[in-house]
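Chains as they are written, first to last, in the working numbering: chain E, 1 to 241; chain B, 1 to 241; chain H, 1 to 241; chain U, 1 to 241.
There are 4 protein chains.
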Amino acid sequence: MRRFGRASNVNIGATGRATGDGAAGACSGQVGQIGSSVQQHRLPDVAAATLLSLASRCHARGWAQATSGNFSVRLDARRFVITKSGLDKGALRAEDLLVVDLDGNPLTDGRPSAETPLHAQVYRRRPGITAVAHTHSVAATVLSRALLAEGYVVLSGFEMLKALVGIDTHETAIRLPIFPNEQDVQRLATQVDAELGGDDCVYGYLLAGHGLYTWGTSAGEAARHVEAIEFLLECVLHGRR
Amino acid sequence: MRRFGRASNVNIGATGRATGDGAAGACSGQVGQIGSSVQQHRLPDVAAATLLSLASRCHARGWAQATSGNFSVRLDARRFVITKSGLDKGALRAEDLLVVDLDGNPLTDGRPSAETPLHAQVYRRRPGITAVAHTHSVAATVLSRALLAEGYVVLSGFEMLKALVGIDTHETAIRLPIFPNEQDVQRLATQVDAELGGDDCVYGYLLAGHGLYTWGTSAGEAARHVEAIEFLLECVLHGRR
Amino acid sequence: MRRFGRASNVNIGATGRATGDGAAGACSGQVGQIGSSVQQHRLPDVAAATLLSLASRCHARGWAQATSGNFSVRLDARRFVITKSGLDKGALRAEDLLVVDLDGNPLTDGRPSAETPLHAQVYRRRPGITAVAHTHSVAATVLSRALLAEGYVVLSGFEMLKALVGIDTHETAIRLPIFPNEQDVQRLATQVDAELGGDDCVYGYLLAGHGLYTWGTSAGEAARHVEAIEFLLECVLHGRR
Amino acid sequence: MRRFGRASNVNIGATGRATGDGAAGACSGQVGQIGSSVQQHRLPDVAAATLLSLASRCHARGWAQATSGNFSVRLDARRFVITKSGLDKGALRAEDLLVVDLDGNPLTDGRPSAETPLHAQVYRRRPGITAVAHTHSVAATVLSRALLAEGYVVLSGFEMLKALVGIDTHETAIRLPIFPNEQDVQRLATQVDAELGGDDCVYGYLLAGHGLYTWGTSAGEAARHVEAIEFLLECVLHGRR
């Protein structure tokens with residue numbers, strides 16, 4: 001499946017179509033020379049560009065303020081690229097990303113996002129997923145605290161639900177599970193894994209007082225899911241007043 | 001009637017004046033050679049630019065997130081151009097538009113917006129209309145659900161009503177009908193047609209939990225109508241608290 | 001008094017300082033040749049640039065949507081320049097402005113803003129004022145309707161009050177009078193004149209369901225007053241919930 | 001400690017990393033020639049660029065409207081640079097900054113911000129701090145008035161708290177003290193000093209009906225603190241409805 005094209009300027013819109021030169025396959029890209037462990041994990045330009053675009057898009061919406069939020073894209077069955085810890089998501093460069101394995105262990109230099117285990121959980125459980133986005137919005141933060149006792153936010157009857165892959169009717173409802181926030185991210189990932197697994201009916205989840213995790217089979221789909229869910233959370237928030 | 005000029009960069013402001021080179025008539029444009037059915041429906045550059053500008057303008061306001069929303073402009077008495085289905089309205093290009101007839105049948109390659117029948121209904125019933133805009137805003141989504149039982153949103157006494165063509169006083173009220181959202185868009189278009197026809201006193205309508213449909217005798221007028229109605233919906237939403 | 005400098009790119013920030021080449025006096029500028037009534041009222045480049053900047057600044061804040069809002073700057077004791085009627089305030093050009101006298105009569109070609117009498121009232125009554133801004137914001141629209149019966153909005157105890165010329169303490173309160181909106185703008189101007197005159201303690205007023213009028217001794221001061229008052233109206237609106 | 005690099009274009013993101021040429025140490029910079037008191041206090045280019053970037057960043061967020069807000073960076077143990085009084089923080093230039101000592105006395109030409117004593121208090125009491133930001137947001141203004149009787153805003157349990165230096169868990173709470181606004185800024189600074197001193201557990205404070213003061217060991221850290229606290233204040237404001 002071609003998800004993004006080779007590009008000098010890769011722009012991933014919410015449809016996932018990379019608007020670049022778009023000729024070569026992305027995932028293999030420039031993997032490096034045989035025999036060099038560092039170069040084996042060299043970050044392909046396209047993957048870097050894709051991830052930077054996703055992070056930048058979310059930051060521009062106000063969903064990754066004060067170095068919050070984290071974003072990743074899959075490289076292959078065993079590795080993904082994630083934003084480093086504690087950086088301004090509106091000013092990232094390729095050197096601010098690093099490659100990790102599906103246990104979240106860094107394979108290139110640097111300190112990965114503290115929430116890497118939550119990304120790894122998605123990639124392990126959902127083989128078709130190639131991008132994960134974690135955003136911090138006011139709506140997600142407020143609603144996840146207000147509705148923690150219920151355990152989920154219900155999004156029901158909205159046309160915008162059809163922006164979520166596989167949903168072709170507004171006459172439906174989805175639940176966004178809410179997990180209590182947890183300092184031990186590994187334990188949190190284990191809990192998410194135990195409760196959600198790779199359930200295709202789950203499009204994302206909330207961490208109380210924290211934010212939203214969602215994903216997609218491409219960076220564009222992940223961006224579309226973030227936009228749709230954050231929009232719906234705002235609708236729910238305003239509808240409660 | 002000259003509604004937009006020939007331009008390399010056509011910018012349609014809310015007044016409908018195309019700020020381009022502005023020399024040639026727009027509607028005929030470069031229609032193609034006799035005898036070629038594909039080229040007969042080739043999309044004139046000006047129409048494409050006009051429509052892209054309208055979509056981009058609405059997307060920039062946050063009213064077409066996550067590939068939602070759809071926009072169209074009339075080509076002639078029998079055809080209009082509409083945005084294709086499922087694309088990021090902030091990153092459209094000419095190839096993302098297609099020509100359809102007034103029954104909504106595509107005349108060029110591609111899959112038109114799923115809501116094409118609603119656009120076609122407007123063009124059939126309202127011969128003077130040359131642009132249709134469908135937006136998804138938080139205010140429209142929330143209010144259309146809250147007031148569905150009433151069947152309409154009343155906009156009364158606002159100065160901004162004078163931005164709607166034909167209204168020259170704030171001492172008036174208009175109703176935005178609210179229709180229950182419907183999966184069968186053809187059936188929905190039939191219902192809208194039966195209840196609204198081409199009533200000149202109706203400036204737009206809402207689909208519950210979905211969004212706003214409005215239109216104009218030019219793309220600029222449609223843009224102005226969208227801006228005015230979305231502004232007023234926000235005023236109503238804030239005024240209810 | 002030098003209020004703005006000659007510039008190719010005049011940028012009027014909220015302090016009123018024109019950040020351009022800044023050499024020549026603005027008000028006289030390039031007035032035209034003796035004996036030509038049209039050229040007598042030719043719009044000086046600097047005045048045009050100043051006014052375009054003020055309108056653009058307010059439009060960018062969302063306070064002049066759907067061609068609403070109007071803006072003016074004084075040329076001399078007898079004339080001012082105002083934005084023409086019904087145009088997108090985010091896309092104005094010099095040809096979209098026209099010169100009027102203090103009775104609001106156009107002195108150059110075009111149709112002035114319908115609300116010209118309200119601008120003229122300010123210039124007649126307040127000789128030191130050189131710019132007037134009329135904005136349409138959600139906060140101003142909602143509050144002016146909610147508090148019409150009281151007849152004014154009280155802004156009390158805010159630090160931001162010190163952005164209003166002549167106010168050097170937060171330990172004060174000002175009132176923004178609210179007038180019922182009126183179709184006969186001339187009559188409205190007469191009413192405003194009768195009730196407010198040129199009272200220096202009045203920094204602006206609201207038209208119910210319509211918007212804000214405010215002014216300044218320079219375009220920068222007017223911009224600062226608009227920003228300060230619109231900010232405070234938002235604080236009042238949010239503080240009521 | 002290297003906090004910012006030498007740069008022609010210094011961009012201070014929220015992480016504090018200056019993305020410029022980044023070679024020379026910032027604090028000493030180009031201090032001037034021995035024997036010239038004016039040149040002794042010449043403003044180093046990097047410090048100017050850093051401060052302009054911080055002010056611009058906050059202004060772009062809407063937190064310094066109508067010339068409100070003020071920002072400073074430390075030069076050395078005895079001096080800091082602060083924005084001049086009454087200027088548009090979105091259009092500042094190097095000449096709009098001036099050097100002051102830790103008593104707030106200007107060492108270069110110009111009128112410093114009226115709130116200079118509050119900045120000086122931070123630099124005197126907190127030797128590690130190199131940047132101070134004072135913002136005016138709707139959330140800070142509204143909440144500081146609503147909760148003045150309590151004397152503080154509690155921010156508890158939010159993940160965003162971890163954006164504040166030294167906080168590595170969401171399972172905590174901080175208090176933002178609220179002081180009544182005061183015309184005599186020197187007296188206010190004395191009060192703040194008496195009540196807060198250089199308490200490391202205090203990340204900022206509010207002035208009622210006025211705004212937020214916060215700081216950082218770098219301009220980037222200060223920017224991150226402003227973003228985090230303003231975000232949390234919005235969450236508290238929306239959570240109260």
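All C-beta atoms, glycine included, are put in the ideal place defined by N, C-alpha and C.
Worksheet item: For residue 143 (chain B), which of helix, strand or coil comes out of DSSP?
Response: DSSP, read as helix, strand or coil, puts residue 143 (chain B) in helix.
Practice prompt. Identify whether residue 180 (chain B) lies in helix, strand or coil by the three-state DSSP scheme.
Written response: Of the three classes helix, strand and coil, the one that applies to residue 180 (chain B) here is coil, per DSSP.
Worksheet item: Taking the alpha-carbon positions, what's the residue 254 (chain B) to residue 155 (chain B) distance?
Response: Residue 254 (chain B) is absent from the structure shown; chain B starts at 1 and stops at 241.
Practice prompt. Taking residue 112 (chain H) and residue 85 (chain H) to be in contact with their CB atoms under 8 angstroms, please state how far apart those CB atoms are, rounded to whole angstroms.
Written response: So it is a contact: roughly 6 angstroms between Cβ atoms.
Discussion item. I'd like the span of the alpha helix (DSSP H) that includes residue 51 (chain H), first residue to last.
Written reply: Taken as a continuous stretch (DSSP letters only), the alpha helix (DSSP H) holding residue 51 (chain H) covers 45 to 60.
Practice prompt. Kindly confirm or deny that the region 69 to 80 of chain H and the region 110 to 124 of chain H touch, where touching means at least three C-beta pairs closer than 8 angstroms.
Written response: Yes: the two stretches touch, three or more of their Cβ pairs being nearer than 8 angstroms.
Worksheet item: With respect to the beta strand (DSSP E) encompassing residue 131 (chain U), which residues constitute its N-terminal and C-terminal limits?
Response: Per DSSP, residue 131 (chain U) belongs to the beta strand (DSSP E) from 131 to 135.
Worksheet item: For residue 169 (chain H), is the classification buried or exposed, using 16 other Cβ atoms within 10 angstroms of its Cβ as the cut-off for buried?
Response: Counting of Cβ neighbours within 10 angstroms places residue 169 (chain H) among the exposed residues, the total staying below 16.
Discussion item. Given this structure, state the Cα-to-Cα distance separating residue 245 (chain B) from residue 203 (chain B), to the nearest angstrom.
Written reply: Missing from the structure shown is residue 245 (chain B); chain B here goes from 1 to 241 and no further.
Item to complete: Please classify residue 88 (chain B): is it buried, with 16 or more other beta-carbons within 10 angstroms of its beta-carbon, or exposed?
Response: Classification of residue 88 (chain B): buried, given that the 10 Å Cβ count is 16 or more.
Practice prompt. Going by DSSP, name the residue or residues bridged to residue 92 (chain E).
Written response: According to DSSP, residue pairing for residue 92 (chain E) in a beta bridge does not occur.
Practice prompt. Compile a chain-ordered list of the residues in the region 152 to 181 of chain E whose CB is closer than 7 angstroms to at least one CB of chain B.
Written response: From the region 152 to 181 of chain E, only 157, 158, 159, 160, 163, 169, 170, 171 have a Cβ closer than 7 angstroms to chain B.
Discussion item. Tell me the rounded alpha-carbon separation between residue 163 (chain U) and residue 217 (chain B).
Written reply: Rounded to whole angstroms, the gap between the alpha carbons of residue 163 (chain U) and residue 217 (chain B) is 51 angstroms.
Item to complete: Measure the C-alpha to C-alpha separation of residue 158 (chain U) and residue 171 (chain U) and round it to an integer number of angstroms.
Response: Their Cα atoms are separated by approximately 8 angstroms.
Worksheet item: Are the region 130 to 147 of chain B and the region 89 to 109 of chain B touching by the rule of at least three beta carbon pairs closer than 8 angstroms?
Response: At 8 angstroms Cβ cutoff, the stretches do not touch.
Fill in: Exposed unless 16 or more other CB atoms sit within 10 angstroms - verdict on residue 78 (chain H)
By the neighbour-count definition (other C-beta atoms within 10 Å, threshold 16), residue 78 (chain H) is an exposed residue.
Worksheet item: Can you list the residues of chain E that residue 228 (chain U) reaches, using a CB-CB cut of under 9 angstroms?
Response: 65, 66, 67, 68, listed in chain order.
Fill in: Within-9 angstroms CB hit, residue 142 (chain E) to chain U
Yes, residue 142 (chain E) lies at the interface with chain U (some Cβ there is under 9 angstroms from its Cβ).
Item to complete: Have a look at the DSSP bridge pairing and note the partners of residue 101 (chain U).
Response: BP columns for residue 101 (chain U) point to U:79.
Worksheet item: beta strand (DSSP E) containing residue 69 (chain H): first to last residue?
Response: Segment: none, residue 69 (chain H) is in no beta strand (DSSP E) and carries neither H nor E.
Worksheet item: Does the separation of the CB atoms of residue 219 (chain E) and residue 135 (chain E) fall below 9 angstroms?
Response: Against a cut-off of 9 angstroms, the Cβ pair of residue 135 (chain E) and residue 219 (chain E) comes out as no contact.
Worksheet item: What residues of chain U sit near residue 136 (chain H), judged by a beta carbon separation below 7 angstroms?
Response: Residues of chain U whose Cβ lies closer than 7 angstroms to the Cβ of residue 136 (chain H) do not exist, since the nearest Cβ in that chain is about 18 angstroms away.
Discussion item. Tell me the residue span of the alpha helix (DSSP H) that contains residue 203 (chain H).
Written reply: Neither: residue 203 (chain H) is in no alpha helix (DSSP H) and is coded neither H nor E.
Discussion item. Give me, in chain order, the residues of the same chain whose beta-carbon lies closer than 7 angstroms to that of residue 122 (chain B); leave out the 5 immediate sequence neighbours on both sides.
Written reply: These residues qualify, in order along the chain: 129, 132, 215.
Practice prompt. Kindly list, in the order they appear in chain U, the residues whose Cβ is closer than 7 angstroms to that of residue 235 (chain H).
Written response: 138, 141, 142, listed in chain order.
Discussion item. Using only the alpha-carbon positions, how far apart do residue 27 (chain B) and residue 42 (chain B) sit?
Written reply: In this prediction, residue 27 (chain B) scores a pLDDT of 27, lower than 50, which makes its location untrustworthy; the coordinate-derived value is nonetheless stated afterwards. Here the alpha carbon of residue 27 (chain B) sits roughly 12 angstroms from the alpha carbon of residue 42 (chain B).
Practice prompt. Return the bridge partner residues of residue 213 (chain H) from the DSSP annotation.
Written response: Paired residues: H:134, H:205.
Worksheet item: When the Cα atoms are used, what is the spatial distance from residue 240 (chain H) to residue 141 (chain H)?
Response: Rounded to the nearest angstrom, the two C-alpha atoms are 15 angstroms apart.
Fill in: Residue-chain proximity (residue 80 (chain U), chain E), Cβ-Cβ < 9 angstroms
Interface flag for residue 80 (chain U) against chain E is unset, since no Cβ pair is found closer than 9 angstroms.
Item to complete: Would you mind telling me which residues of chain B sit closer than 9 angstroms to residue 210 (chain H), beta carbon to beta carbon, in chain order?
Response: Per Cβ cutoff of 9 angstroms: 158, 159, 160, 170.
Worksheet item: From residue 229 (chain U) to residue 151 (chain E), what distance separates their C-alpha atoms?
Response: In this structure, the alpha-carbon of residue 229 (chain U) lies about 27 angstroms from that of residue 151 (chain E).
Item to complete: With residue 232 (chain H) as the anchor, note down where its alpha helix (DSSP H) starts and where it stops.
Response: Counting along the chain, the unbroken alpha helix (DSSP H) around residue 232 (chain H) starts and ends at 219 to 239.
Fill in: Contact check, residue 237 (chain U) vs residue 143 (chain U), beta carbons under 9 angstroms
A contact, by the Cβ cut-off of 9 angstroms.
Practice prompt. With distances taken Cα to Cα, identify the nearest neighbour of residue 180 (chain U) among U:74, U:119, U:195, U:167.
Written response: The shortest Cα separation from residue 180 (chain U) among U:74, U:119, U:195, U:167 belongs to U:195.
Worksheet item: Where does residue 165 (chain U) fall in DSSP's three states?
Response: Under the three-state reduction of DSSP output, residue 165 (chain U) falls in the coil class, being neither helix nor strand.
Worksheet item: Taking all protein chains shown into account, do 16 or more other C-beta atoms lie within 10 angstroms of the C-beta of residue 187 (chain U), making it buried, or fewer, making it exposed?
Response: So residue 187 (chain U) counts as exposed.
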